[in-house]
Structure formats: structure tokens, C-alpha cells
Ligand code: HXC
């Protein structure tokens, strides 16, 4: 055998060795937990045969605690690039089979390399997290490694999409890299995220709590809002990432991909002409509206189980990727509160950063009143949503279906917040408040002064009618040009698509500044 052939064989053997990560036993352990290995996950994520691996031969440089005898080719993370539906992405997948995927200096260096490369070429970064956190034997070098990653997350924010899958433990400061990215997708039952684990919670607070209760997928999807999506297992999480990518551009200088559809752009939905109940306090399901107007009924909801009174997510209209923000009358009557405002603001800012037009469907009675909301800072949180809409320069199409009252009317992409096309259904009520509230404020004394109960009711009803005639319709706002047109509900899909076509070349910039000072 020639020397060259020997060297080639050595290379092949080394590659084989790298590919088994922490070894067969560790791989079995990973499978026994219902999890896939880093390489299996990358194979699921990327188009077949597209993966180009980097840094397969990197080893850690730690000599503490006998670590020099515990080295693995690749050192606990598989990194590289490949394609999803033919589009380039950069990826890192922590390999739990190698020292628990714990983060060493060199492991961090590998992750930083793919992030730097992604920024150079303008492609998304996808991180598949499954790690015991900072490699304890490496001390501050591991911490420095995390900090290097965080710094890159920050600089990449708003430049390239960053997506984090949480497919195992994610503890300590390690949760901050996913938190800095655009989307967190957690696997149910096998992943968790928390700053301090159950043992520390017990010591400091005396509370007994399991990992799942403290930071499992359902907790972060429904209570904290840290997780944007969950999946039943690794496969479902990875399928969600691939699905999500169909709505996102490669970077902030590009448009999202056009997704061809056979769904007619002028498809009418007659049931929409009758969906609004006669009783203004009766709910209807905003999902029915959304699903009926988007291409092929396909709606990828973000934060499905968190702050359900505001629906946010991605869809296509005539092939164009769009972010939808919609009040949900079926949840807390569609009122805005702190959580829904934060959820909406984050989503609107993401869409704006990545050139994704925003379609807003409005049916909002107002902001939720009360001490709980006020003490929790609803003023600041509501301001975030207001700010997000006001700063957004992407095309903004608003459709008011029913209620649009007071501050919440302004916040939900009104004309003066640079709404480009603001439509209303004939059932829209655009006013400072609803008729009952208005009559109570304006005529309380007059009604109280009347002693005869029948006359009291008569005055209240007359005043209410006067208010309704004046304000409980879309035409008062349309009279001032605050509504561009009152549309037939069944034509909503067509009108939105035509507005988006009209706005496709929209150019709008904000004043130059170092950065804004969003009310955090
Ligand atoms: C070094 C680690 C490690 C770590 C796990 N391992 N975490 N080695 N540093 N942080 C090693 C284990 O020793 C073991 O090695 C192998 O990985 C698999 O771990 P197991 O414990 O056997 O697995 P499992 O039972 O599934 O438990 C997983 C785990 C647990 C829950 C993640 O390992 C754990 O609690 N690890 C420590 C978590 C932690 O406190 N990390 C630091 C967080 S603070 P062997 O050789 O036996 O196979 C932090 C600071 C970041 O991350 C700051 C950023 C700003």
C-alpha cells in the first residue's frame, strides 16, 4: 500500500471515530432516553447529503482533573452548514454523548465559527441544544466560551434569523444563548430550561419542584413564554424548524421566499359575511377567520399556548410570507394585557427586522384594567407593542372586524402608526370606548338624578342609541380617512393580497440613531 493510500485510510478511520462521538454505549443511552444523537438530528434537519461538516478534528485543551485522557474528536458539538429546501443554513448540534455536551473553550470556538461564517454570507443559524452546560473542569474558559457565543447572538440579532431547538438539558447561563435567538422550540418530556435547577431552588427557597415543573416544555410554552413552539419529540421539533424556514428570508437584506400556491387570490368566503354575532359580547373564533383567508389554510402559529388572547404567526398570502397578529375574542374577549403585548411586540419586531409584511386583524375591547396588570407594568408592556408597530417599516395591512376601542385601537396598527392600508368590516366599531361605558361616563349624573326606574332606562337607552348611531360603525373613522375602505368580509383575502401587491415596493426608513430605546 502506498504511503498516500495509508494516509487516506487513516483519514477515513479518523472520520469514523469522530462520527461515533462519545461511543456506542453513550449513543445507546441517548436513544434510551427517547433522544437522537447530534448527527442523527442534523441528518433530519438538512436536505439529504447537503451537510458539510467543519472542525471534525477539534479536541479540547483541558488538562485539569485528568481531562487530557478524556478527549473526543469534535469535542461535544457537530457543526457545519447544509441546506433546508435548497437554502443554505448554518448549524451546530451539541453532542450529549461526549461529556454530556458540556461547553468547553474549544466547543464554544466551533459554535462561534459557524456563527461568524453565517454572518459573513448572510444565512440563518440553527442551534440544536442538548448540554450539561459549562464544562466544569474548564472553569472560566467555559464561561468565556459562553460569553463569546452570546456576543455573536447579539450582533447577529436582526441580521440573520437565529433558531434554537432545545432537545435536552439547558441549564444555568446556557439558557441565555437560546433566549437571545429569535425562536426557541422545545421537545416535550426530554428538554428543560432553567437558570438554577431543582436542588438550588430547594436550598434557597425550600420549594420542592421537579425539572419538568420548573422548566419543561409546557411550562415555557404556556407560562413563561420562553418557548415559541414545542414538539412531541426530536422529530417534531426539527420538522417545525424546517416548516418555519419557509416563512423566513436568509437575512435582513433579503425578502422572504415566495411560496407558489394554487389557492385563488380572489377566493371568497361567504361565511365571513355572517361570522360576527349580533351580540357584541358574544365571541367568535378568530382562527376560523385566519384559516379561511390565508393560502391553503396553512397558518404556523407562534406562542400558541401563551397569552391566547392575541394570536401571532406566519402564513402566506398569494405566495407572500406574512406575519399575522390578531385579537382572539374567544380568549379573555380579546383584551390586551401585559403578556399579550410583549408577545405581540416581539413578533412584530421580528417581522419588521426580516422584511415580513404584517397583517393585523383587530377585534379588541381595550386593555385589561386592574391592580394586577398595573403593578405588573402593563403601561410599559403595552407601550412595547405600540412602539413595535410604530417603528415597523414593512408593509402593514390592518383589518378591523369588530371592536377597536381607545388605546388598544391605536396600538393595533392604526393609520397614524403608519398603517399602510387600513380596512374595516361593516361590523367595525372604532371609538374611544363601547356605548355602555361611554353613556356611564357622560350621563351618569343625569341618569342618577332621575328617580323613575323606567325613565332611567329610557334615558340610558336613548343616549346609547345616539352614541351607537354616531360611533358604533366604521364610517365615522372612514369619514376622516382613518379607514381606507370598508370591505365586504367575504372579500378579505383578496383585499389583503391586493394591498400586499401594492405595497411590495414600499420604502420607508426611520431617523438615523445609534439604537432605539424601546420601553423594556
Ligand atoms: C462536565 C458534565 C457536565 C458539565 C454533564 N457532564 N454535565 N461534565 N461539565 N457541566 C458529564 C457527566 O459527568 C457525565 O460524564 C456525562 O456528562 C453525562 O452526564 P450524566 O450526569 O451521566 O447524564 P444525566 O444523568 O442525563 O444528567 C444530565 C445532567 C447532569 C442533568 C445535565 O449531567 C447535570 O446536572 N450536569 C451538570 C449541570 C450543571 O449544573 N451545569 C453547569 C450549569 S452552570 P461521564 O464521564 O460520567 O459519562 C453553567 C454556567 C454557564 O452552565 C454560564 C454562562 C454564562
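In the numbering used here, the protein residues as written are 8 to 527. For glycine and all other residues, C-beta sits at the position ideal for the given N, C-alpha and C. This structure is a prediction, so every number in the text was calculated from the model and none was measured.
Taking Cβ positions, are residue i and residue j nearer each other than 7 Å?
| i | j | result |
| --- | --- | --- |
| residue 135 | residue 174 | yes |
| residue 104 | residue 28 | yes |
| residue 58 | residue 83 | no |
| residue 193 | residue 237 | yes |
| residue 313 | residue 229 | yes |
| residue 196 | residue 153 | no |
| residue 137 | residue 101 | yes |
| residue 372 | residue 338 | no |
| residue 245 | residue 51 | yes |
| residue 362 | residue 219 | no |
| residue 93 | residue 139 | no |
| residue 565 | residue 378 | Missing from the structure shown is residue 565; the chain here goes from 8 to 527 and no further. |
| residue 222 | residue 200 | yes |
| residue 403 | residue 427 | yes |
| residue 395 | residue 355 | yes |
| residue 502 | residue 494 | yes |
| residue 366 | residue 342 | no |
| residue 415 | residue 374 | yes |
| residue 333 | residue 368 | yes |
| residue 468 | residue 454 | no |
| residue 115 | residue 75 | no |
| residue 259 | residue 352 | no |
| residue 357 | residue 254 | no |
Quick one: Cα of residue i to Cα of residue j, how far?
| i | j | result |
| --- | --- | --- |
| residue 300 | residue 207 | 49 Å |
| residue 316 | residue 287 | 17 Å |
| residue 504 | residue 157 | 39 Å |
| residue 498 | residue 486 | 21 Å |
| residue 213 | residue 205 | 10 Å |
| residue 99 | residue 118 | 6 Å |
| residue 452 | residue 484 | 29 Å |
| residue 126 | residue 167 | 7 Å |
| residue 331 | residue 407 | 13 Å |
| residue 37 | residue 43 | 6 Å |
| residue 5 | residue 462 | No information on residue 5 is available, as it lies outside the stretch 8 to 527 that the chain covers here. |
| residue 398 | residue 456 | 48 Å |
| residue 150 | residue 142 | 9 Å |
| residue 518 | residue 128 | 27 Å |
| residue 391 | residue 344 | 11 Å |
| residue 47 | residue 242 | 10 Å |
| residue 61 | residue 120 | 9 Å |
| residue 146 | residue 49 | 29 Å |
| residue 441 | residue 480 | 11 Å |
| residue 400 | residue 297 | 23 Å |
| residue 96 | residue 65 | 21 Å |
| residue 224 | residue 41 | 15 Å |
| residue 14 | residue 184 | 39 Å |
| residue 257 | residue 163 | 12 Å |
| residue 477 | residue 284 | 21 Å |
| residue 17 | residue 177 | 36 Å |
| residue 35 | residue 45 | 13 Å |
Suppose the cutoff is 7 Å on Cβ atoms and the five residues either side in sequence are ignored; what does the same chain contact list for residue i look like?
| i | result |
| --- | --- |
| residue 310 | 232, 235, 319 and 350 |
| residue 72 | 144 |
| residue 279 | 296, 299, 496, 497 and 499 |
| residue 335 | 293, 315, 316, 317, 318 and 341 |
| residue 33 | 104 |
| residue 216 | 205 and 208 |
Please list, in chain order, all residues of the same chain as residue i whose beta carbon is under 8 Å from its beta carbon, the five residues on each side excluded.
| i | result |
| --- | --- |
| residue 123 | 159 |
| residue 346 | 232, 313, 314 and 388 |
| residue 267 | 326 |
Can you give me the Cβ contacts of residue i inside the same chain, cut-off strictly under 6 Å, excluding the 5 residues immediately before and after it?
| i | result |
| --- | --- |
| residue 81 | 25 and 63 |
| residue 91 | 249 and 252 |
| residue 429 | 405, 422, 490 and 491 |
| residue 323 | 266 and 302 |
Quick one: is the Cβ of residue i within less than 6 Å of any heavy atom of ligand 2?
| i | result |
| --- | --- |
| residue 142 | Looking for ligand 2 in the displayed structure turns up nothing; the ligands present are ligand 1. |
Original post:
Is the region 290-298 in contact with the region 469-484, if contact means three or more CB pairs nearer than 8 Å?
Top reply: By the Cβ rule, the region 290-298 does not count as touching the region 469-484, because fewer than three pairs are nearer than 8 Å.
Subject >> beta strand (DSSP E) runs wholly inside the region 266-331, at least 3 long, in chain order >> reply: Every beta strand (DSSP E) of 3 residues or more that sits fully in the region 266-331 is shown, in chain order, as 306-309 and 317-324.
**OP:** Evaluate contact between the region 127-142 and the region 184-197, counting only Cβ atoms and requiring at least three cross-stretch pairs below 8 Å.
**Re:** Taking 8 Å as the limit for Cβ pairs, the verdict is that the region 184-197 does touch the region 127-142.
Subject >> Complete beta strand (DSSP E) runs within the region 125-177 (minimum length 3 residues, chain order) >> reply: DSSP runs (the beta strand (DSSP E)) wholly in the region 125-177: 132-136 and 169-173.
**OP:** Could you tell me whether the region 376-386 touches the region 418-433, where touching means 3 or more Cβ pairs closer than 8 Å?
**Re:** Verdict: no, contact absent.
**OP:** Count the CB pairs spanning the region 436-453 and the region 506-523 that are closer than 8 Å, and state whether there are at least three.
**Re:** In short, these stretches do not touch, since the Cβ pair count stays below three.
Subject >> Residue ranges of each beta strand (DSSP E) within the region 73-101, 3 or longer >> reply: Contiguous beta strand (DSSP E) elements confined to the region 73-101 occur at 84-91 and 94-101, taking only those with 3 or more residues.
Subject >> Complete alpha helix (DSSP H) runs within the region 338-417 (minimum length 4 residues, chain order) >> reply: With a minimum length of 4 residues, the continuous alpha helix (DSSP H) runs that stay inside the region 338-417 are 345-360, 378-382 and 385-398.
**OP:** Could you tell me which uninterrupted beta strand (DSSP E) segments, each at least 3 residues in length, are contained entirely in the region 169-240, listed from first to last along the chain?
**Re:** Scanning the region 169-240 from its first residue to its last, the whole beta strand (DSSP E) runs of 3-plus residues come out as 169-173, 176-178, 190-194, 199-201 and 236-238.
Original post:
Which ranges does the alpha helix (DSSP H) cover as unbroken runs of at least 4 residues, wholly within the region 25-58, from first to last along the chain?
Top reply: Here the runs fully enclosed are 31-39 and 45-52.
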